[in-house]
Each structure stands twice: as structure tokens, then as C-alpha cells.
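S.K.:
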Amino acid sequence: MARYFAIFLTFARACLVRDMTFRANFILECLTSLGWMSMNLAFYLLVFTFTSEIGKGTGWSKEPFFAFVATGLIINSVVQAFFMPSAEELTEMVRTGGLDAVLVQPLDAQFLLSMHRVDFSALANGAVGVGLLAWAMSRMDSTPPAVAWLLYPLLLLCGVAILYGLVIMLAAATILMGRNQSLYDFWFYLTNFSRYPAEIYSGPWGGPLRMICTFVIPILLVVNVPARVIAQPFTGESWVGVACAVIAAVVALVVSRLVFQRALARYRSASS
Amino acid sequence: MSGSLEAVRPAGPLQGLRTWWTMLKICLEERLVYRGDFALGTLMRFLPIVTQVFLWTAVFGATSRGDIAGYTRNDIVAYYLLTMLTRAFSSMPGLASGIARSVRDGSVKKFLIQPVDYVSFLLAARVAHKLVYYAVAAIPFALVFFLCRSYFPPVPDATTIAAFLLSLALSFLLGFFMEVTLGMLGFWFMEVSSIVFGYMLVQYLLSGHMFPIDLLKGTPTGIAGVSLADVVHWLPFEYTAYFSSAVWLGKVKGAQLVSSLAIEAGWVVVMAVACRVAWWRGTRRYSAFGG
Chain Y
668 MARYFAIFLT FARACLVRDM TFRANFILEC LTSLGWMSMN LAFYLLVFTF
718 TSEIGKGTGW SKEPFFAFVA TGLIINSVVQ AFFMPSAEEL TEMVRTGGLD
768 AVLVQPLDAQ FLLSMHRVDF SALANGAVGV GLLAWAMSRM DSTPPAVAWL
818 LYPLLLLCGV AILYGLVIML AAATILMGRN QSLYDFWFYL TNFSRYPAEI
868 YSGPWGGPLR MICTFVIPIL LVVNVPARVI AQPFTGESWV GVACAVIAAV
918 VALVVSRLVF QRALARYRSA SS
Chain D
983 MSGSLEAVRP AGPLQGLRTW WTMLKICLEE RLVYRGDFAL GTLMRFLPIV
1033 TQVFLWTAVF GATSRGDIAG YTRNDIVAYY LLTMLTRAFS SMPGLASGIA
1083 RSVRDGSVKK FLIQPVDYVS FLLAARVAHK LVYYAVAAIP FALVFFLCRS
1133 YFPPVPDATT IAAFLLSLAL SFLLGFFMEV TLGMLGFWFM EVSSIVFGYM
1183 LVQYLLSGHM FPIDLLKGTP TGIAGVSLAD VVHWLPFEYT AYFSSAVWLG
1233 KVKGAQLVSS LAIEAGWVVV MAVACRVAWW RGTRRYSAFG G
């Protein structure tokens, strides 16, 4: 484990050196990333000029909702920084045969394929997320209990683990299918469901969708559970959400590992 | 180099048409190679709209208002669906970055020596892309619109439909020329990805893709009596998503409809000229070496 951590630090250092070599580009990437996020925040501010909360009686008024958004920013920035850049390269590696070079390395293939590239500019959104969270929490009427603050980092990790599992399963699908750029678009479209509180998915269509996105593909647990713990009253029911998120994270990691191993076993080289 | 292109340009309109048709056929075949991936990608594009529908349903559920900026909940749902249709005409994925890449890697130089006009070739390729897209997307579009038919107001009169179709055609040309102009910045900057991303941000916000521009009518600009929506009205962006959808929903009528169509046509001409000027000036400063 220590060896893998040291190797990961070497990867991260190399990526940081590369980013700092092209500093102007790095700053531009940070700015464009922040621009995208600011635009979404502006949209939410606009929405709150027409309503006091998202969904009647849901408790997602302005400040709790921005705490929700901040939680999503933190989780997504970690995934975008540490896992997505490597996963995005996989499609071309499978198609061109570049994957062969990875498979002959004396290291775990999943580790190499999912963590060899780090995009530090993606962490800019996470930093803003922390600031936004501080702003939202300081303006809320009630302060979360100490247990909520203790659980929050753990639940953030669970959210990251669920998304990592999803990325790995999509990567496995890419290996099986040879080339499928749409699968990564699918990742973005799927995670889109996690951008809003689960309460908005109600009614004859929303109810089943909420069930699917909670228990089949647990995308709704990623942001909702940690955000709910700190931005909504902490009750006994909150523990059910916590348990679901922890179980979903463990299942996502285990299942994605198994699926990835099976996909690698069926990989046929495309190189000469 | 492009001066010599004039000498070998095909003579006569019939020959030109045949060249254009050949380019279209090549691009159609190229598009159909990865048709499975293409079809899957088309279906995926409906997913984000689902969250928008639920979000706005929750917003309307929490407020006592019957409408927001003149849009009922049904209008908003219909608006987002129509925006999907409009964007199917005006969005040009990969066009600007593809042009910039061809400048960077030197592949654009073949258009300087072949009797093929680069912008015409790009237009043929994009028409082919869109034809394949409409062929693939027609069924999911028809299905979604049929299932959501209760959200739509009654079908508008023939004049509105004609204006809607004209605005769609213009939005295609506007989107195309804007992206080509952007891509040709590659003659001046080696890497345009950040500029393209910045453009996409502005485009997404001000085109009405994110929300109806009417929601900005109450947003002040600092100038008395001028809202942000008024400013956006004079920019080209809203004509690539908001305008056509608003026309179908009857939000833009009469003299305003005519003047808006004129503004849209004006922007098409401006951007077509801009892209020609960029090509003309760019190829004069361009140098390529090797095979």
C-alpha cells in the first residue's frame, strides 16, 4: 500500500510539474472551470429570485441548497482531479493498443489506469466549494451537531467512492466494447441527476426514477446524503441515509473491481 | 498560395454543385461509420432535460405564482424540449476545435492546393453531420415530443410555423459561421481550446439553453429602462436556442418577430463575412513545412 501511495505521489508530482511548466494554460483552465461553476451558481441565484425553496416543504431553501451545491462541487472536483483525466485516456488506449504497455507493468492495472494522471486545475472548483459551504453554513439558522460534522468528511469520501466505482465500470465497458466515446458522455449525463436534491424526483415518473438512482445506480446518495447531514436537521432517520451511503460506497468499489478484472481478462490487444 | 486557388477553382455552377455533392456523400459515409456510438450519444442528450423538468416542477410547486416571466410550468417544459430541437440545428460540436487542429497539425494546407473551398467543404461536412443526426434522432425526438404533447400549447398558425422554420435554418447558418470564425483564430493562436470553452460558457448562458432569456427581463444592467434581456436580444447568442423556441410558443409575435428575424439574418451575414475575412487573412500569414 505504501509503495502504491509513493508511486501515486510521483505521478501527482510529475503532473504538477507539467502543469507548472505551462502556467498560463493552467491558470486559464482554472478560470474556465470557475467560469462554468459561476454560471451555474448564477442560474441558481436567478431561480431563487422566483421561489423561496426548491420543492414545497422540502427544506431546501437558499442557504441549505447552496450547501448542497458546495458539497457537490467538492466531491466532483476530487473525482475530476484524480480519476477522470486517466479514465478519459482509456478509450484511446484500448483502440490504439496503448493499454498493452500498462498491462505488462508490475503494478495493479486498475491503479495505473485510473490514477496515473492528476488534473490540479479541477481542484479550483473544490476550493470554491469549501468557501461556498462556509458562506452557506454561516447564514443558516441552526448549527449542525458535532456528529454531523464528524460524519460529513466520511460521507464525502463515500460520494467519491461511488463515483469512482461508476467511472471504473464505464472504463470496463470501454475495454469490452473497444471504443465508445458516448460512455463518458453518459457519465456526465448520469451524474447530472445528482446535482439536485432527491426530493425534486417525485410523482409517477419521479418516484421510480428516485428509487433507481438510489438503489440500482446510487447516484442520488453521492451528494444528497452528506449535504443532508449538515444542511438539514439531523434526526434518527439521517442514520439510515448514512448507512445506505456507506454500503453503496463499499458495494461500488467491490463490484467495479470485479467488473474491471473480468473486462481485462477479455481484452484483446489492438496493437501489432 | 490561396491566390493560386482561384486559378484551379471548378468552372461553372454545375461542376461546383457536383463537387459539393461529392463532398456531402463522403462526409455522410464518414459519419455513418460509427453510427452505433452516434445513436447512443443522441439518446443521451435527452437525459439532462429530465432533471430540468423535475427542477422547474419543484420550483413551481413551491411558489404560489401561476407563471414565471410569462412561462407556466408547461411552457417551461415545452421550452426546454423545443430548445433541444433548436440546438440540434445550431450546435456544431467539434467544429471550431477541428479547424484549429487542422491549422496546428498542418492538414489544412491541402485545401490551399486542392480546387476545394475549405468553408464550403466544412459546410458540406456539417450538413452531412446534421442529416445523419436528424435521421438517427428523428425517432427519439418524435417519441419524446409525443409523450410530452400535453405540455405544448396548440399548434400555431402557418405564419408562425414558417417563421419558426426560417429561424431554425438561420440558426444553423449562424451557429456554423460563428464556430468556423472561432476555429480560424487558430491561425493566430496555436491553442484555442480555452477560447472555445469560454465561448461555450457564454453561449450556454446567453443562448437560452440554460433558461428562457425572458427570465432576465427583471435583471438590471445599470442603464435606466434596459434589462439584461434587452442587451442579449442584440447579441447573436439567443438566436441559436431561445429565439426559435420562443417563436413556437408565441412569446415573440408581430413586429417584434420580424425585427428579430432581421437581427438574426444580419448576424448570419456578419459572421459569414467574418469567417471569410479570417480565412483570407489567416491563410496569408500561414506557413506549413514538410509533407
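Those protein sequences? They're chains Y and D, same order as listed. Using this note's numbering, read the first sequence as starting at 668 and increasing by one per residue. Using this note's numbering, read the second sequence as starting at 983 and increasing by one per residue. Glycine included, each C-beta is placed from N, C-alpha and C at the ideal position.
1) Count the other CB atoms within 10 Å of the CB of ASP775 (chain Y); is the residue buried (16 or more) or exposed (fewer)?
2) List, in order along the chain, the chain Y residues whose C-beta lies closer than 8 Å to that of GLY1284 (chain D)?
3) Can you tell me where the alpha helix (DSSP H) with LYS1112 (chain D) in it begins and where it stops?
4) Which runs of the alpha helix (DSSP H) fall wholly inside the segment 1028-1066 of chain D and span at least 4 residues, in chain order?
5) Report the rounded CA-to-CA distance for GLN899 (chain Y) versus TYR1133 (chain D), giving the unit in angstroms.
6) Mind the definition here: the segment 1212-1227 of chain D touches the segment 1143-1159 of chain D only if three or more C-beta pairs lie below 8 Å; say whether that holds.
7) To the nearest angstrom, how far is it from the Cα of SER984 (chain D) to the Cα of TYR1186 (chain D)?
8) Counting only Cβ pairs nearer than 7 Å, list the residues of chain D close to GLY695 (chain Y).
9) Under 8 Å by Cβ, that's how I've got LEU857 (chain Y) and ILE741 (chain Y) pegged, so tell me the actual separation to the nearest angstrom.
10) Taking CB distances under 7 Å as the criterion, tell me whether ILE867 (chain Y) reaches chain D.
11) Starting from the C-beta of LEU818 (chain Y), find all residues in its chain whose C-beta is less than 7 Å away, skip the five residues before and the five after it, and write them out in chain order.
12) Looking at the secondary structure, which residues open and close the alpha helix (DSSP H) in which ILE1205 (chain D) lies?
13) Mind listing the chain D neighbours of PHE710 (chain Y)? Cutoff is C-beta to C-beta under 9 Å, in chain order.
14) Bridge partners for GLU720 (chain Y) per DSSP, in chain order?
15) Would you please state the rounded distance, in angstroms, between the beta carbons of ILE867 (chain Y) and PHE1146 (chain D)? I believe it to be under 8 Å.
16) Is it buried or exposed for ASP1057 (chain D), if we count other Cβ within 10 angstroms and need 16 for buried?
17) Taking Cβ-Cβ distances below 7 Å as the criterion, which residues of the segment 1135-1156 of chain D are in contact with chain Y?
18) Less than 7 Å between the beta carbons of THR1068 (chain D) and SER1226 (chain D), yes or no?
19) Excluding the 5 residues preceding and the 5 following PHE1171 (chain D) in the sequence, name in chain order all residues of the same chain whose CB lies nearer than 6 Å to its CB.
20) What residues in the segment 897-916 of chain Y have a beta carbon less than 9 Å from any beta carbon of chain D?
21) For a test of the three-state rule: what should DSSP assign to GLY1088 (chain D), helix, strand or coil?
22) First and last residue of the alpha helix (DSSP H) that includes MET704 (chain Y)?
23) Exposed or buried, what is ALA1228 (chain D) when buried is set at 16 or more other beta-carbons lying within 10 Å of its beta-carbon?
24) How far does the alpha helix (DSSP H) with PHE927 (chain Y) in it extend, from its first residue to its last?
25) Taking the alpha carbon of ASN859 (chain Y) as the reference point, which residue from Y:THR716, Y:SER923, Y:CYS880, Y:MET706 has its own alpha carbon closest?
26) Alpha helix (DSSP H) containing PHE1225 (chain D): first to last residue?
27) Could you name the residues of chain D that ARG862 (chain Y) contacts, counting a contact when the two beta carbons are closer than 7 Å?
28) Do the CB positions of MET706 (chain Y) and ASN792 (chain Y) come within less than 7 Å of each other?
29) Taking 7 Å as the CB-CB limit, is LEU1037 (chain D) close to chain Y?
30) Taking only beta-carbon atoms, is ASP686 (chain Y) less than 7 Å away from chain D?
31) Would you say ASP852 (chain Y) faces chain D, with C-beta separation under 7 Å as the test?
32) May I ask which residues mark the beginning and end of the alpha helix (DSSP H) holding ASP767 (chain Y)?
33) Where does ARG1258 (chain D) sit, in a helix, a strand or coil, going by DSSP?
34) What's the gap between the Cα of ALA691 (chain Y) and the Cα of ARG685 (chain Y)?
35) Could you work out which residues of chain Y lie near PHE1179 (chain D), taking near to mean beta carbons separated by less than 7 Å?
36) Using a beta-carbon distance below 7 Å, is MET1005 (chain D) in contact with chain Y?
M.R.: Taking the definition as stated:
1) exposed
2) Chain D is shown only over 983 to 1273; residue 1284 (chain D) falls outside these bounds and no answer can be derived.
3) 1100-1129
4) 1029-1044
5) 34 Å
6) yes
7) Its pLDDT being 43, under 50, SER984 (chain D) is placed unreliably by the model, and nothing is read from it.
8) The amino acid at residue 695 (chain Y) is misidentified as Gly; the sequence shows Leu. Those are SER1176, listed as they occur along chain D.
9) Wrong, their Cβ atoms sit about 19 Å apart, outside the cutoff.
10) yes
11) VAL896, VAL909
12) Unbroken run through ILE1205 (chain D): none, as it is neither H nor E.
13) LEU1187, MET1192, PHE1193
14) Y:SER728
15) With 8 Å as the limit, ILE867 (chain Y) and PHE1146 (chain D) do not qualify as a contact, their Cβ atoms being about 31 Å apart.
16) buried
17) none
18) yes
19) none
20) none
21) coil
22) 690-714
23) buried
24) 903-932
25) Y:CYS880
26) 1224-1230
27) THR1033
28) no
29) yes
30) no
31) yes
32) 766-770
33) helix
34) 12 Å
35) THR699
36) no
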